[in-house]
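Undergrad: Handing you this structure, nothing more for now.
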Amino acid sequence: AKYPQTAGIAILLAGQARSFLSDPIQVFWRKWLRQANTNIVVFESVNLHSGNRGDRVGEVDWSKLDHNVTRENWDNAFASIRLGSSTSSTTKSLQHVVAFDSKKAALMKERGKSELDIHLAMFTKNSPLSKLLSKPKNPNISMDNFAALIRGMILGYLKKAIALDAMVAWEAKHKKSFSHVLVMRPDMVYPSLLGEPGFNFFDALQHIPNNIAHINNDMLAVLPRNYAASYCSSLSLLRSQHNIDDDASGEMVRSFTDVAGNTGLTCQPANQLLYDGLFFVGDGLEYKDFTRMKLNDEFGFPFLSSIVVRERDGNGSICVESESDAVIVKQLLGVDVPVC
């Protein structure tokens with residue numbers, strides 16, 4: 006970041022619409038941001054017309070989401086969060102910036118455009134991050150071959166990059182930068198951000214070292230500003246893994262992830278942080294010997310935990326994955342949610 010870090014905190018909200026409009030998630034956001042003592046800008050990179058989970062194909066009529074999730078009720082939800090978090094808060098401001106144009110995406114999809122084309126169209130003009138989707142330099146790999154890789158979880162990683170791109174454009178426009186960047190998903194409740202009684206996440210954030218990222222795999226990241234590009238551009242590892250650019254990086258990346266003991270996707274954000282030599286701690290890590298790494302408690306910063314709120318159908322019915330998750334949601338937020 007080349008500007009003074011006086012803009013506050015950026016939140017990159019990236020993924021699919023899913024359960025963001027449900028009661029537990031809305032209550033979480035209002036309660037959490039009520040603790041904030043600085044400016045917050047949310048950069049939303051969310052496809053409002055795509056809620057389909059890969060593990061539930063054929064079970065749910067996701068087309069119903071087109072009627073339940075609209076730009077209007079999504080913006081109303083943010084207005085409600087802003088109002089609900091300002092009642093007893095010292096938050097200076099809460100801004101909401103839309104980075105992913107869902108209407109444009111729907112039109113492009115109707116015209117037969119690929120997910121690669123759709124996501125490429127969401128980057129700002131001449132964005133360096135758009136190079137993640139640039140034409141393969143390997144003469145044996147066509148753009149169609151590359152496009153076939155851009156699906157499933159990869160789309161969520163791309164949306165992180167699109168949100169980051171919008172944030173960088175915002176910083177350039179306002180000539181100021183953020184001190185920290187949070188990367189979050191729309192379908193999650195984050196108990197660790199609320200913490201125990203008396204804990205204030207935003208106060209704790211000011212007292213941890215500024216050269217450490219705290220992550221819960223790809224579900225939540227609390228990053229110093231200068232770590233954001235690494236965490237959100239991990240698709241560069243996908244290009245190397247599949248030799249998209251016909252260079253020597255592919256074998257190097259494969260050797261590196263083998264040595265690290267990676268058990269998940271090669272292009273997961275934690276691997277990019279490792280590859281770039283950046284220090285991180287956290288939980289839910291996909292490494293054979295290090296699923297969990299934590300700093301000394303002297304920093305007062307908790308493990309980053311996440312609870313997914315799943316959609317039972319396209320009509321807004323929701324559930325959580327375990328009885329313990331249901332108990333935590335009830336205790337923290339006062340909302341009853343059934344187990345899936």
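In my numbering, the protein residues as written are 6 to 345.
Note that beta-carbon positions come from the ideal geometry of N, C-alpha and C, so glycine has one too.
Please read all numbers here as calculations on a predicted model, not as lab measurements.
Using C-beta distances below 6 Å, list every residue in its chain close to SER98, excluding the 5 sequence neighbours before and after it, in chain order.
TA: Hits under 6 Å: ASN44.
Undergrad: Between the alpha carbons of ARG121 and GLY203, how many angstroms are there, rounded?
TA: Just to set this straight, residue 121 is Leu in the shown sequence, not Arg. Each residue's alpha carbon lies about 45 Å from the other.
Undergrad: DSSP three-state call for ILE167: helix, strand or coil?
TA: In the structure shown, ILE167 sits in a helix (DSSP, three-state: H, G or I).
Undergrad: Give, in chain order, every unbroken run of the beta strand (DSSP E) that is at least 3 residues long and sits entirely within the region 127-196.
TA: 185-189, all fully within the region 127-196.
Undergrad: Do you know offhand how far MET113's Cα is from ILE123's?
TA: Computed Cα separation, rounded: 7 Å.
Undergrad: Quick one: what's GLY20 bridged to in DSSP?
TA: BP columns for GLY20 point to VAL51.
Undergrad: Hey, VAL194 and LEU18: beta-carbon distance below 9 Å or not?
TA: Cβ atoms of VAL194 and LEU18: not closer than 9 Å.
Undergrad: Considering only the alpha carbon of each residue, which of ASN231, MET224 and LYS178 lies closest to PRO214?
TA: The candidate whose alpha carbon is nearest that of PRO214 is ASN231.
Undergrad: Check whether the region 307-317 touches the region 255-263, taking contact to mean three or more Cβ pairs, one atom from each stretch, closer than 8 Å.
TA: Short answer: they don't touch.
Undergrad: Could you tell me the boundaries of the alpha helix (DSSP H) in which HIS124 lies?
TA: Element bounds for HIS124: 120-125.
Undergrad: ARG76 by DSSP, collapsed to three states: which one?
TA: ARG76: helix per DSSP, three-state reduction.
Undergrad: Which residues in the same chain have their Cβ closer than 6 Å to the Cβ of THR271, if we skip the five residues on either side of it in sequence?
TA: Hits under 6 Å: LEU242, GLN246 and THR262.
Undergrad: The beta strand (DSSP E) spanning VAL286 covers which residue range?
TA: Residues 285-288.
Undergrad: Give a yes or no on contact between the region 100-114 and the region 143-157, applying the rule of three or more CB pairs nearer than 8 Å.
TA: In short, these stretches do not touch, since the Cβ pair count stays below three.
Undergrad: Roughly how many whole angstroms lie between the Cα atoms of SER119 and TYR280?
TA: The straight-line gap from Cα to Cα measures roughly 29 Å.
Undergrad: Beta-carbon within less than 8 Å of LEU376's beta-carbon, same chain only, minus the 5 sequence neighbours each way: which residues are those?
TA: No answer is possible for residue 376: it lies beyond the span of the chain, which begins at 6 and ends at 345.
Undergrad: Fully enclosed by the region 218-274, which alpha helix (DSSP H) runs are 4 residues long or longer?
TA: Entirely contained in the region 218-274, the alpha helix (DSSP H) runs reaching 4 residues are, in chain order, 233-237, 240-246 and 254-265.
Undergrad: Roughly how many angstroms lie between the CA atoms of GLU49 and ASP223, to the nearest whole one?
TA: Each residue's Cα considered, the two are about 16 Å apart.
Undergrad: Let me know the secondary structure DSSP gives PHE340 once reduced to three states.
TA: Contrary to the premise, residue 340 reads as Val rather than Phe in this sequence. Of the three classes helix, strand and coil, the one that applies to VAL340 here is coil, per DSSP.
Undergrad: Just how far apart, CA to CA, sit VAL186 and PHE33?
TA: Their Cα atoms are separated by approximately 19 Å.
Undergrad: Tell me where the alpha helix (DSSP H) around ILE30 begins and ends.
TA: ILE30 -> alpha helix (DSSP H) spans 28-38.
Undergrad: Here's the rule: buried if 16 or more other CB atoms are within 10 angstroms of the residue's CB, otherwise exposed. What is ASN221?
TA: Per the 10 Å Cβ criterion, buried.
Undergrad: Measuring straight from C-alpha to C-alpha, what distance separates PHE206 and GLY200?
TA: Cα to Cα, the separation comes out at about 7 Å.
Undergrad: Measure how close the beta-carbons of GLY13 and PHE183 come, nearest whole angstrom, since I'm counting them as under 8 Å.
TA: Contact flag correct, Cβ pair sits at about 6 Å.
Undergrad: Using DSSP with H/G/I as helix, E/B as strand and the rest coil, what is ILE213?
TA: ILE213 falls in the coil class under three-state DSSP.
Undergrad: Below 8 Å on the Cβ atoms is my contact criterion, and I expect LEU88 with LEU134 to pass it. Report the Cβ-Cβ distance as a whole number of Å.
TA: Between LEU134 and LEU88 the Cβ distance is about 33 Å, and since that is not below 8 Å, they are no contact.
Undergrad: My assumption, with CB atoms under 8 Å, is that VAL325 sits in contact with VAL344. Please give the rounded CB distance.
TA: Their Cβ separation, rounded to whole angstroms, is 6 Å, which keeps VAL325 and VAL344 in contact under 8 Å.
Undergrad: Would you report the Cα separation of LYS130 and SER85, rounded to the nearest angstrom?
TA: C-alpha separation (whole angstroms): 32 Å.
Undergrad: For ILE161, collect the residues of the same chain with a Cβ closer than 8 Å to its Cβ; drop the 5 residues on either side in sequence, then sort them by chain order.
TA: The sequence given here places Gly at residue 161; Ile does not occur at that position. The residues are ALA19, GLY20, GLN21, ARG190 and ASP223.
Undergrad: Measuring only the C-alpha atoms, how far is ASN381 from ASN267?
TA: Because the chain here runs from 6 to 345, residue 381 falls outside it and cannot be looked at.
Undergrad: Please name the residue in ILE155, ARG35 and HIS54 whose C-alpha comes closest to that of PHE83.
TA: Residue ARG35 is the option with its Cα nearest to PHE83.
Undergrad: Can the beta-carbon of ASN52 be found less than 9 Å from the beta-carbon of ALA110?
TA: Yes, the pair counts as a contact, with Cβ atoms nearer than the cut-off.
Undergrad: Hey, LYS140 and THR11: beta-carbon distance below 9 Å or not?
TA: Result no, Cβ atoms of LYS140 and THR11 do not sit closer than 9 Å.
Undergrad: Taking the beta strand (DSSP E) that LEU99 belongs to, which residues open and close that run?
TA: It spans 99-103 - the beta strand (DSSP E) in which LEU99 sits, taken as one unbroken run.
Undergrad: Leaving aside the five residues before and after ASP60 along the sequence, list all residues of the same chain whose C-beta is less than 7 Å from its C-beta, in chain order.
TA: Annotation note: pLDDT 49 at ASP60 (below 50); position unreliable, no value reported.
Undergrad: Are VAL188 and SER132 close, meaning C-beta to C-beta below 9 Å?
TA: In this structure, SER132 does not lie closer than 9 Å to VAL188 by Cβ.
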